[in-house]
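Structure first, then comments.
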Amino acid sequence: MRKLTYTNLVNGLSAEFSSESKTMHLDLKNFDGCSSGASAVTYRPVEFDGQRTISANLTARTIVVPVQFTGTENGRHSRKAALAVWEKLLKVFVPLHEGWLVWSDGMNSRRIKCRAAETPQISEVLPFLFSASFSLVADFPYWEDCSEHSLEVSASADTVTVSNACGLAVPFCVDIPSGGSQPLIYSRTADKRISFAISPGSGCTVDTRECTVTLSDGTLANNLLTVDSDFFRLSPGANEIQALGVGSGSNPAVIRWRDLYMGVN
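Those letters in the sequence shown? Residues 20 to 284, by this note's numbering.
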């Protein structure tokens, strides 16, 4: 069984459709989980000898979710009950509200952050059975694994190897505990770094997808970054990462990342 679950991040409402459900049915024949749009264009000027990317553009992906639904009232299918289901769906798929679309095939679960582009039209394909196609736009056009990899990093001059096996450059997070004052995350593989100064009593999280440094109290701290900082990503294969000033052996920093995918099927 394959199913899709969409959860609205603004109001917390969700809807689930599956390939085997008769009341909330996912139309697999018309669902394209590998829709075009997952592309990236980068600009590496010759004056930097092509060694540094100064701009990048990700083309948003559009995912069309074709569904069929009905409703029951007192044990019987009815038009009134079906339209009540539609009213609930409209509260889930709200235009411009971001949400997580989660795909599951019984063994693997992948998700993508997206938003409804518009309110679709519905049509009655059979008595009491309606169909609709929700068009969802994902600005970051890759599906990601619902489960997360993690690796502890101690505050030493030693390097750790982070293995990225998904074949795509992936963003990552580093959770830095309190105790350090000059955190430095350095990739020997890419020769890129993220460094900044914080008070010893403050922990923080570095997020290279959102390009942010957030203190443990929720304060955005990008203003503390050094000018040579670069929110780099984990390249496919082995990444030699060094961390300095990020905690102690008993309270290490943690690198977290998720595998990325071009699509689902």
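All residues carry an ideal CB built from backbone N, CA and C; glycine is no exception.
The Cβ-Cβ distance between P139 and R80 does not fall below 7 Å. Rounded to whole angstroms, the Cβ separation of F153 and F112 is 5 Å, and the two are in contact under 8 Å. Counting only runs of 3 or more residues that sit fully inside the region 80-136, the beta strand (DSSP E) segments are 80-88, 117-123 and 128-135, in chain order. Within the region 173-256, the complete beta strand (DSSP E) segments at least 3 residues long are 178-183, 191-195, 203-206, 211-214, 223-226 and 231-234, listed from N- to C-terminus. By the 16-neighbour rule on beta-carbons within 10 angstroms, C230 is exposed. Here DSSP, grouped into helix, strand and coil, assigns L47 to helix. The beta carbon of P202 sits closer than 6 Å to those of I195, G264 and V265, all from its chain and outside the five residues before and after it, given in chain order. The alpha-carbon of A184 is positioned some 21 Å away from that of S123.
Straight-line spacing of the CA atoms in S38 and N242 works out to 48 Å. Only residues of its own chain outside the window of five on either side were considered, and among them P255 have a CB closer than 6 Å to the CB of G186, listed in chain order. Take M20, set aside five residues on each side of it, and the residues of its chain with a beta-carbon closer than 7 Å to its own are S37, S38, E39 and G125, in chain order. In this structure, DSSP gives Q140 a state outside helix and strand, which the three-state scheme calls coil.
With fewer than 16 other beta carbons inside 10 angstroms of its own, R95 counts as exposed. Shortest Cα-Cα distance from K132 to any of V29, I274 and V246 involves V29.
Judged by DSSP secondary structure, T26 falls within the beta strand (DSSP E) whose first and last residues are K22 to N27.
DSSP places D164 inside the beta strand (DSSP E), whose first and last residues are W162 to D164. Counting other Cβ atoms within 10 Å of its Cβ, T227 reaches 16 or more and is therefore classed as buried. A34 sits close to L108, with the two beta carbons spaced by under 7 Å. In the same chain as T91, and ignoring 5 residues on each side of it, the C-beta atoms closer than 6 Å to its own belong to A100, in chain order.
Around the beta carbon of R207, fewer than 16 other beta carbons sit within 10 angstroms, so the residue counts as exposed. T180 counts as exposed, since fewer than 16 other C-beta atoms from the protein chains shown sit within 10 angstroms of its C-beta. In this structure, the straight-line span from the alpha carbon of F149 to that of F251 is close to 46 Å.
For T42, the CB contacts under 6 Å within the same chain, skipping 5 residues up- and downstream, are T89 in chain order.
The beta carbons of I217 and I204 sit no closer together than 7 Å. A Cβ-Cβ distance of about 5 Å is found for the pair P219 and S200, placing them in contact under the 8 Å criterion. By a beta-carbon distance limit of 8 Å, C223 contacts L234. Their separation comes to about 5 Å. In its chain, beyond the 5 residues on either side, S214 and F215 have a beta carbon closer than 7 Å to the beta carbon of T245.
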